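J.: Below: one structure in structure tokens.
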Amino acid sequence: MTLRTSSEIREFLINQVLLDPQRDTGAGLKKELSYIGGERVHQPLIYVGMASCGRIAGAGATYQAIAAYLAEHGHQATLVEGGCVGYCAAEPLVDIQLPGKARLSFSGVTSEKVGPLLDEVLNDHLPDLPLIGQYKSALLQHWEKVPFVNDHPFFVHQRRILLEHCGLIDPGSVTAFIARGGYWSFADSISRHTPAQVCELVEKSGLAGRGGGGYPTGQKWATALRTPGDQKFFVCNAVESDPGSYMNRAIIESNPHRLIEASLISAYAMGAGRVYLFIREEFTLARQRLDQAIAQAREYGLIGHNILDSGVNIDVVVKSGARAFVCGEETALNNSIEGKRAMPSSKPPYPAEKGLWDKPTIVNNVETLFNIPLIMKNGPEWFRSLGTQQSKGTKLFTLSGKLKRYGTVEVEMGMSFRDIVDKIGGGLKDGLTFKAIVLGINSGSYITSETLDKRVDFEDLRQMGSALGSGAFVVLDQGVCMVNLARFFTAFFKKESCGKCIPCREGTARMLEVMEHATKRPTEKNSFQTLERFKGVMQLKGLAAVLQDTSLCSLGKSAPNSIMNTLKYFKEEFDSHIFERECPAGVCTDLRIFLIDVDACTGCTACFKKCPVDAIIGSPRYPHFIIGDKCIGCGNCYEACKFNAVVIK
Numbered sequence: 001m002t003l004r005t006s007s008e009i010r011e012f013l014i015n016q017v018l019l020d021p022q023r024d025t026g027a028g029l030k031k032e033l034s035y036i037g038g039e040r041v042h043q044p045l046i047y048v049g050m051a052s053c054g055r056i057a058g059a060g061a062t063y064q065a066i067a068a069y070l071a072e073h074g075h076q077a078t079l080v081e082g083g084c085v086g087y088c089a090a091e092p093l094v095d096i097q098l099p100g101k102a103r104l105s106f107s108g109v110t111s112e113k114v115g116p117l118l119d120e121v122l123n124d125h126l127p128d129l130p131l132i133g134q135y136k137s138a139l140l141q142h143w144e145k146v147p148f149v150n151d152h153p154f155f156v157h158q159r160r161i162l163l164e165h166c167g168l169i170d171p172g173s174v175t176a177f178i179a180r181g182g183y184w185s186f187a188d189s190i191s192r193h194t195p196a197q198v199c200e201l202v203e204k205s206g207l208a209g210r211g212g213g214g215y216p217t218g219q220k221w222a223t224a225l226r227t228p229g230d231q232k233f234f235v236c237n238a239v240e241s242d243p244g245s246y247m248n249r250a251i252i253e254s255n256p257h258r259l260i261e262a263s264l265i266s267a268y269a270m271g272a273g274r275v276y277l278f279i280r281e282e283f284t285l286a287r288q289r290l291d292q293a294i295a296q297a298r299e300y301g302l303i304g305h306n307i308l309d310s311g312v313n314i315d316v317v318v319k320s321g322a323r324a325f326v327c328g329e330e331t332a333l334n335n336s337i338e339g340k341r342a343m344p345s346s347k348p349p350y351p352a353e354k355g356l357w358d359k360p361t362i363v364n365n366v367e368t369l370f371n372i373p374l375i376m377k378n379g380p381e382w383f384r385s386l387g388t389q390q391s392k393g394t395k396l397f398t399l400s401g402k403l404k405r406y407g408t409v410e411v412e413m414g415m416s417f418r419d420i421v422d423k424i425g426g427g428l429k430d431g432l433t434f435k436a437i438v439l440g441i442n443s444g445s446y447i448t449s450e451t452l453d454k455r456v457d458f459e460d461l462r463q464m465g466s467a468l469g470s471g472a473f474v475v476l477d478q479g480v481c482m483v484n485l486a487r488f489f490t491a492f493f494k495k496e497s498c499g500k501c502i503p504c505r506e507g508t509a510r511m512l513e514v515m516e517h518a519t520k521r522p523t524e525k526n527s528f529q530t531l532e533r534f535k536g537v538m539q540l541k542g543l544a545a546v547l548q549d550t551s552l553c554s555l556g557k558s559a560p561n562s563i564m565n566t567l568k569y570f571k572e573e574f575d576s577h578i579f580e581r582e583c584p585a586g587v588c589t590d591l592r593i594f595l596i597d598v599d600a601c602t603g604c605t606a607c608f609k610k611c612p613v614d615a616i617i618g619s620p621r622y623p624h625f626i627i628g629d630k631c632i633g634c635g636n637c638y639e640a641c642k643f644n645a646v647v648i649k
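The numbering used here puts the sequence shown at residues 1 to 649.
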């Protein structure tokens, strides 16, 4: 049978799901699909959040404890290794759904809590354990006096459209994905629209790249479509090497089929016959789930030759590579796929015209692609209704730092940074005071207390000389030294530089040298180090301008951003390091001067025993003293003293 319309293809997909002979063929389609998609269950469903964040928190032991409990008590239940719902602070997460009743979500379920939890819930009782809430359902009975998950403070202020299925469906089940509308947008695209029409729809939606550049996605695709070529390629950049940014890995582990569907639509739109999903070798779980999802999609005829009898031929390949920050640049990524060293190439020509093996190639990141099936399903006008005038849709962040609540969040463009910190993150814990937000190491942008009310918007940030970044959202408290942080960022860029262009290779090394001088005391009193330090600081702005103007790729161009923004927003902290040789946060160990208060010292010798360089002298039961010239500022004495006699100057 030749399938020509989207309705015929959808019916084919649904029939593929319903082919299981054990299913009740007399059941209504909606009811049957609700079972397959996991909204309704025939027997108890126990869902353990087993993405990387959950496993780090101990979900593996929780899963094993649940399996042992079910075997010991002879319970018939479905146990699922699930994905991440985003609330990483509450891991390990366990969801339980009884037949006919709404799904419950419990937090902090360690292995020793499994027994009490299942004893109660499997007997239709609520245990006295931390409960996030229950999921709303029009088909199921709700638990009395149990709040809804969507009303939880972490979720109520989010706009979860990319994360709608994450943590709710089995990431290893293609049938569950199809039952919830998965691959339907792809079916519609290849049956109702030409490639040019798909490009036009995405361009009308206003979707901009979420990798940090913000370039219009539809325009990018259209360029590749118009470029002649006997072969074209589509590449998904899932490297995500920015420290503090892990939301792409989380959503791949939680919903791999969405990425495959989005990549298929994108490849169709720009005329590509092959898709490369480029992912870090270290992302073992994400790679495993992608491989499994590709095999399932291929079995269903969604990948390969003559997909769904449409005449469309698209293959999907997963390509692994070592973590390399420079692979965030599309030409370096293409070189890596070709088996070459990951080094950027001069542009133009751009990859859309001359990319992989000199063929037209499009590179998009994971978050950008997750929007594509939704745009094709709901239309460009729906997407344009989300966000601000300049920035459409939503934005994913890896919310981290010393917050009460943290994890992967999705907010509508236009939300203020203050609301993300206070409403979603719950503010800083333990009474800490806010200092800044770091928006990704690739952008080096800081949001301070003065700019905390700025919106998540490409244009607003561009006007203040900042950028949205790729998704890292690290909240800093007053205990963080911004000069030391800038030194860390600079060291990262120096390490990650491919070395191809001289400005980046030599410039990052010189900037790191200046920053290290700023965070250390001179080793010799009569040396020229003080003069060298001042001279280096005076040259920082000129050096930064050279890197930004002449570096070959965005790595070198963005390398000075953290230093320049530190000088812009925290100049007094920088001056304190340079002129007063003091670190206000007390973080830079080489600038700390430790003294012993003789009135408080009891002569217990605890500090004397902990000093690694014998810089402390004194007799038992008499006050001790620190020899300043020998002290290395390690802080061992400060931590060892129980009488608060060791003080930091």
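Backbone N, C-alpha and C define an ideal beta-carbon position, used for all residues, glycine too. A quick note: this is a predicted structure, and the numbers were derived from the prediction, not measured.
1) Please state whether DSSP places Leu547 in a helix, a strand or coil.
2) Please state whether DSSP places Lys392 in a helix, a strand or coil.
3) Quick one: residues in its chain with C-beta nearer than 6 Å to the C-beta of Lys204, no 5 flanking neighbours on either side, listed in chain order?
4) Once you ignore the five residues that flank Ile616 on each side, which residues in its own chain have a CB closer than 6 Å to its CB?
5) Could you check the C-alpha separation between Phe106 and Gly54 for me, to the nearest Å?
6) Under the three-state reduction of DSSP, which class applies to Ile96: helix, strand or coil?
7) When the distance is taken between beta carbons, is Ile251 closer than 8 Å to Leu163?
8) Give the straight-line distance between the Cα atoms of Asp188 and Leu259, rounded to the nearest whole angstrom.
9) Use the C-beta contact count for Leu139: other C-beta atoms within 10 angstroms, 16 or more gives buried, fewer gives exposed.
10) According to DSSP, is Glu345 helix, strand or coil?
11) Gly407: buried (16+ other C-beta within 10 angstroms of its C-beta) or exposed?
12) Taking its Cβ as the centre, do 16 or more other Cβ atoms sit within 10 Å of Ala332, making it buried, or is it exposed?
13) Output needed for Ala472: all residues of its chain with C-beta closer than 6 Å, excluding positions within five of it in sequence on either side, in chain order.
14) Report the rounded CA-to-CA distance for Arg226 versus Gln134, giving the unit in angstroms.
15) Using DSSP bridges, identify the partner residues of Ala208.
16) Using C-beta distances below 6 Å, list every residue in its chain close to Leu131, excluding the 5 sequence neighbours before and after it, in chain order.
17) Please list, in chain order, all residues of the same chain as Leu93 whose beta carbon is under 8 Å from its beta carbon, the five residues on each side excluded.
18) For His125, does the count of other Cβ atoms within 10 angstroms reach 16, so buried, or fall short, so exposed?
19) For Asp430, report the span of its beta strand (DSSP E) as first-last.
20) Per the DSSP calculation, Gly321 is bridged to which residue(s)?
21) Exposed or buried, Trp221, counting other C-beta atoms within 10 Å across all chains shown (16 or more means buried)?
22) State the start and end residues of the unbroken beta strand (DSSP E) segment that holds Asp477.
23) Could you name the residues of the same chain whose beta carbon sits closer than 7 Å to that of Lys136, not counting the 5 residues immediately before and after it, in chain order?
24) Using the Cα positions of Lys520 and Lys495, report the straight-line distance between them to the nearest angstrom.
25) Between which two residues does the beta strand (DSSP E) containing Thr605 stretch?
26) Taking its Cβ as the centre, do 16 or more other Cβ atoms sit within 10 Å of Pro503, making it buried, or is it exposed?
27) Could you pull the start and end residues of the alpha helix (DSSP H) that Cys53 belongs to?
T.: In brief:
1) helix
2) strand
3) Pro380
4) Cys607, Phe608, His624 and Ile626
5) 13 Å
6) Judged by DSSP in its simplified three-state form, Ile96 adopts strand.
7) yes
8) 17 Å
9) Label assigned to Leu139: exposed.
10) It is worth fixing the name first, because residue 345 is Ser in this sequence and not Glu. DSSP places Ser345 in coil when its eight states are reduced to three.
11) So Gly407 ends up on the buried side.
12) buried
13) Asp242, Gly244, Ser245, Thr398 and Gly440
14) 50 Å
15) Pro216
16) Phe106
17) Around Leu93: Val48, Gly49, Gly54, Ala59, Val85, Tyr87, Ser105, Phe106, Ser107, Val109, Ile132 and Gly167.
18) Flag for His125 reads exposed.
19) Where Asp430 is concerned, there is no enclosing beta strand (DSSP E), given that its DSSP letter is neither H nor E.
20) Arg280
21) buried
22) Ala472 to Asp477
23) Phe148 and Asn150
24) For Lys520 and Lys495, the distance between alpha carbons rounds to 20 Å.
25) Unbroken run through Thr605: none, as it is neither H nor E.
26) buried
27) Ser52 to Ile56
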